[in-house]
Amino acid sequence: MAEASLTVSSKNYSSWSLRGFLLCRMAGLDFAERLAPIDDPATRAELLLLSPSFLVPCLEHGQVKVWDTLAIGEYLNEIKPQANLLPADPVARAHCRAICGEMHSGFANLRSALPMNLKARHDGFKVWAGAQADIERVTAIWRECLKTYGGPYLFGTKPTTADAMYAPVCSRFATYDVKLDPVSAAYRDLMLRFPAMLEWTAAAKAEPEEMEELDVEF
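Okay, so the sequence shown: first residue is 36 according to the working numbering, each after it adds one.
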């Protein structure tokens, strides 16, 4: 029997579910997945960015129940410290928490203009100005972290919570053919090849459910 369970919603559309999944994989947690039905009103609200609070992913571990992605990362860092989901150095750890918080609460234009859709490809997609500003901020964060900590991941040689938080953006950049500088493109490709990311993407492409609201023609 698995040590824990993780409730997720659509693998094709839910960036928050992907983040929770990656965190659990990075931590080495033995967990079983539970899929929230896509026709559930709360699930649809989350996927359509209409809900002010996201209840998936939700991690249940013994008597503990954690449903916020950042809280899941913090909890996993406490119970699986050997995974180093947060950097050991206090300055780097504060930096990691800051950019994770920025992703958690910001980039609204990017989220709405480039919704996650792992099955789709939109070559030559035209990014509007508001979303472009978010893209430039994301890539500035990546370049700063890679320069400061030496890569190949944002905080050094091993993936951290920050990489889990920004991984769905890597998929969006691929889906919408976003033009990137060489350093950012190399990091995007690294994360798209990350084993847990490949595992999730394969499952997303095999997922039968679709939401017409998100499968629009761009």
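By construction, the Cβ of each residue, glycine as well, lies at the ideal position given by its N, Cα and C atoms.
From a predicted model like this one, the values you see are computed outputs, not experimental measurements.
Sequence-distant residues of its chain with Cβ nearer than 7 Å to residue i (five each side left out)
i           : result
residue 158 : 212
residue 87  : Note that residue 87 scores 49 on pLDDT, short of 50, meaning its location in the model is unreliable; the coordinates nonetheless yield the value given after this. Contacts found: none.
Buried/exposed call for residue i, threshold 16 Cβ in 10 Å
i           : result
residue 233 : exposed
residue 163 : exposed
residue 243 : exposed
residue 223 : buried
Residue i (DSSP reduced to helix, strand or coil)
i           : result
residue 240 : helix
residue 66  : strand
residue 192 : coil
residue 41  : strand
residue 156 : coil
residue 119 : coil
residue 55  : helix
residue 229 : coil
Length of the line joining the Cα atoms of residue i and residue j
i           : j           : result
residue 160 : residue 45  : 24 Å
residue 136 : residue 142 : 11 Å
residue 216 : residue 58  : 27 Å
residue 99  : residue 228 : 32 Å
residue 170 : residue 40  : 33 Å
residue 95  : residue 150 : 28 Å
residue 144 : residue 172 : 12 Å
residue 225 : residue 97  : 34 Å
residue 70  : residue 128 : 32 Å
residue 113 : residue 176 : 26 Å
residue 203 : residue 197 : 11 Å
residue 111 : residue 62  : 7 Å
residue 67  : residue 168 : 38 Å
residue 221 : residue 178 : 11 Å
residue 181 : residue 200 : 15 Å
Residues near residue i in its chain [Cβ-Cβ closer than 6 Å; skip 5 each side]
i           : result
residue 104 : 51, 54 and 55
residue 184 : 190 and 191
residue 47  : 153, 154, 239 and 242
residue 65  : 37 and 38
Identified DSSP bridge partners for residue i
i          : result
residue 96 : 99
Closer than 7 Å: residue i CB and nearest the ligand ADP heavy atom
i           : result
residue 237 : Because no ligand of any kind appears in the structure shown, any question about the ligand ADP cannot be addressed here.
Sequence-distant residues of its chain with Cβ nearer than 8 Å to residue i (five each side left out)
i           : result
residue 231 : 56, 57, 60 and 61
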